[in-house]
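Note that this note's numbering has the sequence shown beginning at 3, numbered continuously upward.
Positions of the beta carbon are idealized from the N, C-alpha and C atoms, including for glycine.
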Amino acid sequence: MENDFLKNLIPPTLSLIVSSGLAILVGIFIEKFKNRKRRISYRIFTQNLKPNISSNLGGNLRITLNEREIENLKSARIVLENENNIDLENVEVQFVLSPGAVFQGNEGYVQNSLSWLQWTSQHNDLFNDVLREFEALPLNENGLKDIPHNLQNKINYVNRNQFFLIPVFNRKEKANFNFLYENPLDGSEATISISLVHKSVSLIEKNDEDKLEKKRILKSVVVGTVVAVILVSILSYYYPNHRIYIIVASIIGWSYSVVGYSILELIKRLKAFFR
Numbered sequence: 003m004e005n006d007f008l009k010n011l012i013p014p015t016l017s018l019i020v021s022s023g024l025a026i027l028v029g030i031f032i033e034k035f036k037n038r039k040r041r042i043s044y045r046i047f048t049q050n051l052k053p054n055i056s057s058n059l060g061g062n063l064r065i066t067l068n069e070r071e072i073e074n075l076k077s078a079r080i081v082l083e084n085e086n087n088i089d090l091e092n093v094e095v096q097f098v099l100s101p102g103a104v105f106q107g108n109e110g111y112v113q114n115s116l117s118w119l120q121w122t123s124q125h126n127d128l129f130n131d132v133l134r135e136f137e138a139l140p141l142n143e144n145g146l147k148d149i150p151h152n153l154q155n156k157i158n159y160v161n162r163n164q165f166f167l168i169p170v171f172n173r174k175e176k177a178n179f180n181f182l183y184e185n186p187l188d189g190s191e192a193t194i195s196i197s198l199v200h201k202s203v204s205l206i207e208k209n210d211e212d213k214l215e216k217k218r219i220l221k222s223v224v225v226g227t228v229v230a231v232i233l234v235s236i237l238s239y240y241y242p243n244h245r246i247y248i249i250v251a252s253i254i255g256w257s258y259s260v261v262g263y264s265i266l267e268l269i270k271r272l273k274a275f276f277r
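Listed below in structure tokens is the structure:
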């Protein structure tokens with residue numbers, strides 16, 4: 003009787019061992035892949051500095067910058083986060099405004115160390131070259147400067163583009179950028195976009211993190227289910243007399259993964275609550 007019991011126990015036990023081994027191998031592969039594919043997330047917060055209110059509430063509002071009145075001035079706060087388990091070096095970040103918009107002010111700093119961030123040397127040199135070229139232009143009879151087409155293109159470029167360098171971006175650290183910018187003269191709303199110049203690093207909007215996490219979980223479930231079905235089919239073929247035991251053991255093993263994920267999710271939420 004005991005021998006029959008042991009014989010019946012061997013196939014499902016083997017199924018659980020093999021399933022666990024495959025799960026470990028898949029987990030190691032995923033972690034290795036995650037370490038190779040690095041990500042930086044970002045969030046953008048914008049605000050109009052001149053609200054649209056009725057003159058009956060206190061008169062008209064005016065915004066001036068360097069003694070010049072600006073109709074449509076906006077501020078933007080952009081937060082970048084290194085979500086990897088490794089530190090990154092010399093991360094170059096480009097901020098671009100839509101055509102017609104103009105940067106009026108900027109600053110950047112690393113949150114944990116409060117280290118101020120500077121433009122890249124290339125962007126700083128380009129800005130100074132354009133400024134010197136503009137200042138060297140003579141005034142016409144009306145007291146204005148006739149700007150050549152080539153120089154105007156350079157001015158438009160530096161007005162719409164900002165290149166910052168993060169020398170050291172530690173793991174789980176955040177970099178903050180604040181901008182003032184003016185909407186186009188035609189009254190349209192300016193947009194600001196971001197890009198990275200760094201090998202093997204992708205940029206993703208923070209709002210999409212939950213969607214990506216759900217996709218990763220779904221992929222893991224699909225892969226695990228496919229592996230389990232293949233494994234159960236193979237074992238059932240070689241051990242037809244113990245097919246029921248194999249199927250039951252596989253279902254139990256699959257349920258363990260659900261329980262394990264639930265426990266990890268609970269721990270994650272508790273840590274976030276007491277943080």
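query: Element boundaries [alpha helix (DSSP H), containing leucine 133]; result: 123 to 137
query: Rounded C-alpha distance that separates serine 238 from asparagine 87; result: 42 angstroms
query: Buried or exposed by the 16-neighbour rule on C-beta atoms within 10 Å, applied to glycine 189; result: exposed
query: Supposed contact pair leucine 153 and phenylalanine 136 - C-beta distance, whole angstroms, cut 8 angstroms; result: 7 angstroms
query: For valine 225 and isoleucine 249, the rounded distance between their alpha carbons; result: 18 angstroms
query: Reduced DSSP category for lysine 176 - H, G, I as helix; E, B as strand; rest coil; result: strand
query: Under 7 angstroms between C-beta atoms of serine 43 and glutamate 85; result: yes
query: Integer Cβ distance of valine 93 from isoleucine 168, believed to fall under 8 angstroms; result: 4 angstroms
query: Alpha-carbon to alpha-carbon, leucine 67 and glutamate 207; result: 31 angstroms
query: Completely contained alpha helix (DSSP H) runs for the segment 194 to 251, where each covers 4 or more residues; result: 211 to 240
query: Three-state secondary structure assigned by DSSP to leucine 11; result: Note that leucine 11 scores 48 on pLDDT, short of 50, meaning its location in the model is unreliable and no value can be drawn from it.
query: Where the beta strand (DSSP E) through isoleucine 80 begins and ends; result: 75 to 84
query: Option in Leu128, Leu119 and Arg45 with minimal Cα separation from valine 160; result: Leu128
query: When Glu73, Ile219, Asn144 and Glu184 are compared against glutamate 267, the one with the closest alpha-carbon; result: Ile219
query: Helix, strand or coil at leucine 153 according to DSSP, with G and I counted as helix; result: helix
query: Alpha-carbon to alpha-carbon, valine 112 and leucine 182; result: 19 angstroms
query: Cβ-Cβ distance between asparagine 178 and valine 81 below 7 angstroms; result: yes
query: Unbroken beta strand (DSSP E) run spanning proline 169, endpoints; result: 163 to 171
query: Backbone secondary structure at serine 190 - three-state DSSP; result: coil
query: Same chain, Cβ closer than 6 angstroms to asparagine 163, neighbours up to 5 away in sequence not counted; result: Val98
query: Three-state secondary structure (DSSP) of serine 264; result: helix
query: Phenylalanine 171 classed as buried or exposed, judged by whether at least 16 other C-beta atoms fall within 10 angstroms; result: buried
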